[in-house]
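A.B. asks: Mind having a look at this structure? Questions to follow.
There are 2 protein chains.
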Amino acid sequence: MKHPNVTIKILAEIAGVSFSTVAKALHDDPAINIETRRRIQKIAREYNYRPNILAKGLRNRRTKSIGVILNDLQSPFYSEIYKAIGDVLHKNGYTMFLADSKYDEAIEKQNISTMIGQGVEGLIVSSVSEDSENIELLLQESVKTVFIDNRPRRDDICCVYVDHEAAATLAVSHLIGAGHRNILLLNGPENLPSSQRYMMGYCETLKSNNIDFREEFVKFNAIDIAQTSRLLANILNGNDAVKPDDFTAIVTLSDVTAIGVYEAAMTYGFTIPGTYSVVGYDNIFATKYLNPALTTIHQPKEQTGRLASTMLLNCIEDPDAKMIQIILNPELKIRASVRSLL
Amino acid sequence: MKHPNVTIKILAEIAGVSFSTVAKALHDDPAINIETRRRIQKIAREYNYRPNILAKGLRNRRTKSIGVILNDLQSPFYSEIYKAIGDVLHKNGYTMFLADSKYDEAIEKQNISTMIGQGVEGLIVSSVSEDSENIELLLQESVKTVFIDNRPRRDDICCVYVDHEAAATLAVSHLIGAGHRNILLLNGPENLPSSQRYMMGYCETLKSNNIDFREEFVKFNAIDIAQTSRLLANILNGNDAVKPDDFTAIVTLSDVTAIGVYEAAMTYGFTIPGTYSVVGYDNIFATKYLNPALTTIHQPKEQTGRLASTMLLNCIEDPDAKMIQIILNPELKIRASVRSLL
DNA sequence: TTGTAAGCGTTATCAA
DNA sequence: TTGATAACGCTTACAA
Numbered sequence: 001m002k003h004p005n006v007t008i009k010i011l012a013e014i015a016g017v018s019f020s021t022v023a024k025a026l027h028d029d030p031a032i033n034i035e036t037r038r039r040i041q042k043i044a045r046e047y048n049y050r051p052n053i054l055a056k057g058l059r060n061r062r063t064k065s066i067g068v069i070l071n072d073l074q075s076p077f078y079s080e081i082y083k084a085i086g087d088v089l090h091k092n093g094y095t096m097f098l099a100d101s102k103y104d105e106a107i108e109k110q111n112i113s114t115m116i117g118q119g120v121e122g123l124i125v126s127s128v129s130e131d132s133e134n135i136e137l138l139l140q141e142s143v144k145t146v147f148i149d150n151r152p153r154r155d156d157i158c159c160v161y162v163d164h165e166a167a168a169t170l171a172v173s174h175l176i177g178a179g180h181r182n183i184l185l186l187n188g189p190e191n192l193p194s195s196q197r198y199m200m201g202y203c204e205t206l207k208s209n210n211i212d213f214r215e216e217f218v219k220f221n222a223i224d225i226a227q228t229s230r231l232l233a234n235i236l237n238g239n240d241a242v243k244p245d246d247f248t249a250i251v252t253l254s255d256v257t258a259i260g261v262y263e264a265a266m267t268y269g270f271t272i273p274g275t276y277s278v279v280g281y282d283n284i285f286a287t288k289y290l291n292p293a294l295t296t297i298h299q300p301k302e303q304t305g306r307l308a309s310t311m312l313l314n315c316i317e318d319p320d321a322k323m324i325q326i327i328l329n330p331e332l333k334i335r336a337s338v339r340s341l342l
Numbered sequence: 001m002k003h004p005n006v007t008i009k010i011l012a013e014i015a016g017v018s019f020s021t022v023a024k025a026l027h028d029d030p031a032i033n034i035e036t037r038r039r040i041q042k043i044a045r046e047y048n049y050r051p052n053i054l055a056k057g058l059r060n061r062r063t064k065s066i067g068v069i070l071n072d073l074q075s076p077f078y079s080e081i082y083k084a085i086g087d088v089l090h091k092n093g094y095t096m097f098l099a100d101s102k103y104d105e106a107i108e109k110q111n112i113s114t115m116i117g118q119g120v121e122g123l124i125v126s127s128v129s130e131d132s133e134n135i136e137l138l139l140q141e142s143v144k145t146v147f148i149d150n151r152p153r154r155d156d157i158c159c160v161y162v163d164h165e166a167a168a169t170l171a172v173s174h175l176i177g178a179g180h181r182n183i184l185l186l187n188g189p190e191n192l193p194s195s196q197r198y199m200m201g202y203c204e205t206l207k208s209n210n211i212d213f214r215e216e217f218v219k220f221n222a223i224d225i226a227q228t229s230r231l232l233a234n235i236l237n238g239n240d241a242v243k244p245d246d247f248t249a250i251v252t253l254s255d256v257t258a259i260g261v262y263e264a265a266m267t268y269g270f271t272i273p274g275t276y277s278v279v280g281y282d283n284i285f286a287t288k289y290l291n292p293a294l295t296t297i298h299q300p301k302e303q304t305g306r307l308a309s310t311m312l313l314n315c316i317e318d319p320d321a322k323m324i325q326i327i328l329n330p331e332l333k334i335r336a337s338v339r340s341l342l
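Going down the list, the sequences are from chains A and B. Counting with the working numbering, you get residues 1 to 342 for the letters of the first sequence. Counting with the working numbering, you get residues 1 to 342 for the letters of the second sequence.
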């Protein structure tokens, strides 16, 4: 038996009462006779009545949905984050729109726009750029937003992020401690906030260890296995300002990039950590099982997702909740991809 | 400058025309004077007008959103699938709700219910069970649905899936070809359709090779690294019907489970493929870089996502599109986790 | 060429 | 205790 579009109106007809009585009964309004209430509720159940969120939302401007906009849905780094977000939302009766900005500001803008159009009550965004007009857009529209993975250049905004500078310091210090002085930085896209922070940490750590910064040692590139491998191929072939013997170690903005180095190692026949030592970033689950196990900087991803979504729901439910900025700490995981030169 | 809730009504006031004129102008209705149209459109842009999808949806029962319900958002297997889904949807102007059923039928039901309530125009579901009442629910509500990763027990339904029996056959045959005869199956949850299919393939392949099926060789378990490792610990400790020397090889329903075997190897000190040979399933990106590289059965995940979403949009846009069932082929990837006993 | 009015499914206010 | 009515923002006949 099919019941297309059961509405309170239809229930009203069936129950032989007015539709507003049905509405009240369904809200268990004590104004309605207890028996009528029960009777109507029973009918509603029988006919599998489900309130139309669109109508509801139109009326109360509440949709019980929030939007999550990230830069790469496929990355295990982000998966772990929105897994946690999804859990928190589900527990609180919210649904989640998910969109992929592919590290592209224009797509990000579109995504924000679409989500607002969908009537989301809030947004969790891992922003492509630190001072893009997209952030302005969000503020203008006064959409509750929590930024993750970086901190916008203003402090009237909620965010949860890991201190990328500290992470870079951890990574680079570890390498320097093992005797490395020529360290290649395989960074993310240049405009990416985390790329910028990470590079700052990289530079500072070199400086405080009296190692000269060499601009050509920083490579901005997509966070992608194949592209990273290609970039290394270029260096190995001598087609880059950096020559194969110029460096002994590599730090990467992401474990995925680090895996790109592993791919290159397999393809072009160098060894890790024999030829190059590698330190990743994120500590995605697979890194522990790589060959060799990847030394990396851990980010508390699950915690990031949990905090961000909890914070967002707080903001939504309590309109004058104050803006909070949470900074989480990275953590060095020493495994087997760094060789000691000492 | 903040423009809260710019509606056609407000635009109408500003433009000094009636709100329906605005509505038509925004739809570029030729009935409206070209100049008025341009003028109104310009104002709309200036005021950053964005139509309210809720109102729109309420009116036309179109929300331009679809729901994706999967069993584990964090699994790289699924990530690759919904990455592809997201791309197709985005290209076609749709948004995606995403929900995690955690291999639990009750949660799945809730998710379906919430999504329908949200007014999705269609659903892509990787169902927890093959003949759950949830599927009935979907048909009853006549929600356009494409099932992935398995085929419901009825053929009036769209689906895209990989032939899991064939996959199991590929895996088990490969092991038998290498001289293994005692093969442990680390399966997924018992009610999971893919678990059932996979086991069928496992059984048949044993049979056609004249190897006796031993029930205790099939372990149903969550698809989870830690739990898999614990299960193996149990066997290694002699606390299971299966003893450590009873088998020489392991096939798993998922690469994640296979990684659980790697975890156990690290923790309890056995070697792969020395002690046990392992064949995974899915070919998630990391398997290639594991230590040792995992021999596994490839599933075309990106293709699955692409086909499923394209098919769904077809169904939505053409109400009498016919139900299509697509079966994709698995493919053996030989790497280094199987030892030849010959 | 533009405006009026009804309706989508709710909620909420007020009247009966 | 129940019912009528308006409103949320939009689309779309139909009237002017």
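Just so you know, even glycine gets a beta-carbon here, dropped at the ideal spot from N, CA and C. Note that the structure is predicted; figures quoted are calculated from it, not measured.
(1) So, at 8 angstroms on beta carbons, what are the nonlocal neighbours of T304/A in its own chain, with the 5 sequence-adjacent residues on each side left out?
(2) Against G117/A, what residues of chain B qualify as contacts under a CB-to-CB distance less than 8 angstroms, listed in chain order?
(3) With 8 angstroms set as the bound, which would you pick, yes or no: does the beta-carbon of M96/A sit closer than that to a beta-carbon of chain B?
(4) Could you list which residues in chain B have their beta carbon closer than 8 angstroms to that of N291/A, in chain order?
(5) State the start and end residues of the unbroken alpha helix (DSSP H) segment that holds Y289/A.
(6) Pairs of beta-carbons, one from the stretch 222-237 of chain B and one from the stretch 254-264 of chain B, closer than 8 angstroms: are there three or more?
(7) Does I14/B come out as helix, strand or coil in the three-state DSSP assignment?
(8) Helix or strand or just coil, what does DSSP make of G67/A?
(9) Three Cβ pairs or more, each shorter than 8 angstroms: is that satisfied between the stretch 62-82 of chain A and the stretch 96-104 of chain A?
(10) For G119/A, does the count of other Cβ atoms within 10 angstroms reach 16, so buried, or fall short, so exposed?
(11) Identify every residue that forms a DSSP beta bridge with T95/A.
(12) Whether or not the stretch 19-38 of chain B and the stretch 269-277 of chain A are in contact is what I'm after, with contact meaning three or more pairs of Cβ atoms, one per stretch, closer than 8 angstroms; do they touch?
(13) Quick check: the Cα distance between L307/B and T145/B, rounded to an integer number of angstroms?
(14) Just to make sure I have the definition right: I need the residues of chain B whose C-beta is within less than 7 angstroms of the C-beta of Q74/A. Which are they?
(15) How far does the alpha helix (DSSP H) with H174/B in it reach, from first residue to last?
(16) Is there contact here, the stretch 186-198 of chain A with the stretch 124-142 of chain A, by at least three beta-carbon pairs under 8 angstroms?
(17) Could you check whether N291/B and Y47/A sit closer than 8 angstroms to each other, using their CB atoms as the reference points?
(18) Assuming Y202/A contacts V251/A under a Cβ cut-off of 8 angstroms, what Cβ separation, rounded to an integer in Å, is found between them?
(19) Which one of K102/A, F77/A, S75/A has the shortest CA to CA distance from A87/B?
(20) By DSSP's criteria, T205/A is part of a beta bridge. Which residues make up the other side?
(21) Mind checking if V337/A is an interface residue toward chain B, Cβ cutoff 8 angstroms exclusive?
(22) Using beta-carbon positions only, say whether L170/A and I297/A come within less than 8 angstroms of one another.
(23) Which one of D245/B, R59/B, N134/B has the shortest CA to CA distance from N52/A?
(24) Give every residue of the same chain whose Cβ lies closer than 7 angstroms to the Cβ of A321/A, excluding the five residues on either side of it in the sequence, and list them in chain order.
(25) May I have the straight-line CA-CA distance separating L342/A from L184/A, to the nearest angstrom?
(26) So that I know if they touch, is there some Cβ in chain B lying closer than 8 angstroms to that of D371/A?
(27) Can you give me the start and stop residues for the alpha helix (DSSP H) that K102/A sits inside?
(28) Going straight from the alpha carbon of A31/A to that of R38/A, what length do you get?
(29) Where does V128/A fall in DSSP's three states?
(30) Using Cβ-Cβ distances below 7 angstroms, what residues of the stretch 257-273 of chain B are close to chain A?
(31) Consider the Cβ of T63/B: report whether some Cβ of chain A lies at a distance smaller than 8 angstroms.
(32) DSSP on D245/A, reduced to helix/strand/coil?
(33) Determine the burial state of M323/B: buried for a count of at least 16 other Cβ atoms within 10 Å of its Cβ, exposed for fewer.
C.D. replies: Reading it off the structure:
(1) Non-local beta-carbon contacts of T304/A in its own chain, meaning distances under 8 angstroms to residues more than five positions away in sequence, involve I81, A84, I148, D149, V160, Y161, V162, L328 in chain order.
(2) Correct list: R50, P51, N52, I53.
(3) Chain B contact via Cβ: present.
(4) Within chain B, the residues near N291/A are Y289, L290, N291, P292, A293.
(5) Run containing Y289/A: none; DSSP gives neither H nor E here.
(6) Enough Cβ pairs lie closer than 8 angstroms, so yes.
(7) In the structure shown, I14/B sits in a helix (DSSP, three-state: H, G or I).
(8) In the three-state reduction of the DSSP assignment, G67/A falls in the strand class.
(9) Taking a cut-off of 8 angstroms for Cβ pairs, the stretch 62-82 of chain A and the stretch 96-104 of chain A touch, as three or more such pairs fall below it.
(10) By the C-beta density criterion, G119/A is buried, having at least 16 other C-beta atoms within 10 angstroms.
(11) Secondary-structure assignment with DSSP links T95/A through a beta bridge to S65/A.
(12) Contact fails: fewer than three Cβ-Cβ distances are below 8 angstroms.
(13) Rounded to the nearest angstrom, the gap between the Cα atoms of L307/B and T145/B is 13 angstroms.
(14) Here the neighbours are S79, E80, K83.
(15) Boundaries of the alpha helix (DSSP H) harbouring H174/B: 164-177, taken from the DSSP string.
(16) Segments in contact, yes.
(17) No, these two residues do not count as a Cβ contact at 8 angstroms.
(18) Contact annotation, Y202/A with V251/A: C-beta distance approximately 7 angstroms; criterion of less than 8 angstroms satisfied.
(19) One point to set straight first is that residue 87/B is Asp, not Ala, in the sequence displayed. Ranking the options by Cα distance to D87/B, first place goes to K102/A.
(20) Under the DSSP definition of a beta bridge, T205/A lacks any partner.
(21) Going by the sequence as given, residue 337/A is Ser instead of Val. No, S337/A does not count as interfacial toward chain B.
(22) In contact: L170/A and I297/A (Cβ atoms closer than 8 angstroms).
(23) Sorting D245/B, R59/B, N134/B by C-alpha distance to the C-alpha of N52/A places R59/B at the top.
(24) Only N314, C315 meet the Cβ criterion.
(25) In this structure, the straight-line span from the alpha carbon of L342/A to that of L184/A is close to 19 angstroms.
(26) With chain A represented from 1 up to 342, any question about residue 371/A goes unanswered, as that position is not in the structure.
(27) From DSSP, K102/A is part of no alpha helix (DSSP H); its letter is neither H nor E.
(28) Taking the straight line from one Cα to the other gives about 13 angstroms.
(29) Assigned with DSSP and collapsed to three states, V128/A falls in coil, not helix or strand.
(30) For the stretch 257-273 of chain B, which is checked against every Cβ of chain A, the residues closer than 7 angstroms are I259, Y262.
(31) Yes, T63/B lies at the interface with chain A (some Cβ there is under 8 angstroms from its Cβ).
(32) Looking at D245/A - three-state DSSP - the assignment turns out to be helix.
(33) Counting the other CB atoms within 10 Å of its CB gives M323/B a total below 16, which places it among the exposed residues.
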